[in-house]
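The sequence shown begins at 1 in full-length UniProt numbering and counts up by one. In this text, a Cβ means the ideal position worked out from N, Cα and C, and glycines have one as well.
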Amino acid sequence: PDIGRPGKIGCSLPHLDVTQAELPPKELLRQELELPEVSEVELVRYFTALSKLNYGVDTGFYPLGSCTMKYNPKWHEDVAQLPGFASIHPYQPIGSVQGALQLMFELEEYLAEITGMSATSLAPMAGAEGELASILMVKAYHYARGDKIRNRILVPDSAHGTNPATAAMCGFEISTVPSDDRGNIDLKSLESMMNEEVATLTLTIPTTLGLFDLQIAEINQLVHQRGGLLCGDGANLNSLLGKVKFGDLGFDYVQLNLHKTFSTPHGGGGPGSGPICVKSNLADFLPSPLVAKSGKEYTFTSPTKSIGSLGLPTETLVLWSRLMLIYVLLAQRGSRRSVRTLS
């Protein structure tokens, strides 16, 4: 119900200390504006009541599709709002943002270390764009080798819906690999499907069902023997930290969802981010820009065979600051313990 009443005031405007702007012509002005007139306490109580209608990480365990969000420390928000992060402009001179570039450079290295990869790009502006960039890299990789016949991508029947959708957007055919009676990939089916047309197998591990496929060594060997790449969907990285790395399992690349493991918000229209971590065979194809260090100076650079620019990572510095804090916590407390704490 409308709690407003004429004459109620919820704020006081400061004294005008700038030149007063001219209003538009009178005929363009409305006589009445349907704006609420409420007191401050009524406004606070109204929005507090609305907040209690929501269910989220502050009130309990929050599963959403394949996403399992955890509680993120509130002091991360304080750090993310520091002017050096929140107020930076994407086109500031490089010399004025060296601290921000250092943060991104170190994060590229940290994410590569966590995932067991060789290089990282922070360029994708969302998890979905990270998936898109990954598949475009796969296409560029095979084209560079003259292997243009590989126009098919395999996805398990337990895969997140974005996996086949992204492949289709990039012009690939999609084939679904069935599960065995334990919910893991059926190896016999995979063996029959893994031919010279397959560019990559996209595999979420643990799966959306929460299963760690114990056949991963055999899957890795089969895919690479047949000339394909093994893609890791890092949606459930939270459960692997300190135990095993994607690179050690044989994955060629992995895209990460920062809203699950790395203390960033989920949904709401952004800001988002979807970093990609790759082995050395794909490093030249990473989306730009990357951050490079020469002596004590940081600058942007582009890989030699990059699939192209996806935006400036400085636009999501508030996310990188939160991610850095999570990494420091992992390093201080030990990743294994953090897996139990953060899950």
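Check	Outcome
In three-state DSSP terms, what is Arg152?	strand
Roughly how many whole angstroms lie between the Cα atoms of Leu101 and Arg182?	46 Å
Round the Cβ separation of Gly274 and Gly130 to the nearest angstrom and send it over; I've been treating them as touching at under 8 Å.	2 Å
Opposite Gln98 in the DSSP bridges: which residues?	None; Gln98 has no bridge partner.
Name the two residues that bound the continuous alpha helix (DSSP H) containing Phe85.	83-86
Tell me which residues share the same chain as Phe105 and place their Cβ nearer than 7 Å to its Cβ, disregarding the 5 neighbours each side in the sequence.	Val291, Lys293, Tyr298
State the beta-bridge partners of Leu201 as determined by DSSP.	Leu154, Leu230
My output table needs one value for Leu258: the three-state DSSP class, helix, strand or coil.	helix
Contact defined as beta carbons within less than 8 Å: I believe Ser175 pairs with Met193. What is the distance between those atoms, to the nearest angstrom?	6 Å
Thinking Pro303 and Ser280 are a contact (beta carbons under 8 Å), I'd like their distance in whole angstroms, please.	Not a contact, Cβ separation roughly 11 Å.
Looking only at its own chain, which residues have a Cβ that is under 7 Å from the Cβ of Gly222, when we skip the five neighbours before and after it?	The residue asked about is misnamed: residue 222 is Leu in this sequence, not Gly. Within the same chain, Leu222 has close Cβ partners Leu190, Glu191, Met194.
Check whether the region 38-58 and the region 235-247 are in contact - that is, three or more C-beta pairs closer than 8 Å.	no
Mind checking if Ser239 is an interface residue toward chain D, Cβ cutoff 8 Å exclusive?	Absent from the structure is chain D; it holds one protein chain and no more.
Find the nearest neighbour of Phe305 within the set Asp78, Arg145, Gln215, judged by alpha-carbon distance.	The question names Phe, yet the displayed sequence has Lys at residue 305. That would be Arg145, whose Cα lies nearest to the Cα of Lys305.
Please check the pair Asn163 and Thr202, which I expect to be a contact at CB under 8 Å, by giving their CB distance rounded to whole angstroms.	5 Å
Since Lys293 sits in a beta bridge, which residues does DSSP pair it with?	Tyr298
Is the region 249-257 touching the region 88-100, taking contact as three or more C-beta pairs under 8 Å?	no
Can you list, in chain order, the residues of its chain with a C-beta nearer than 7 Å to that of Lys74? Leave out the 5 residues immediately preceding and following it.	none
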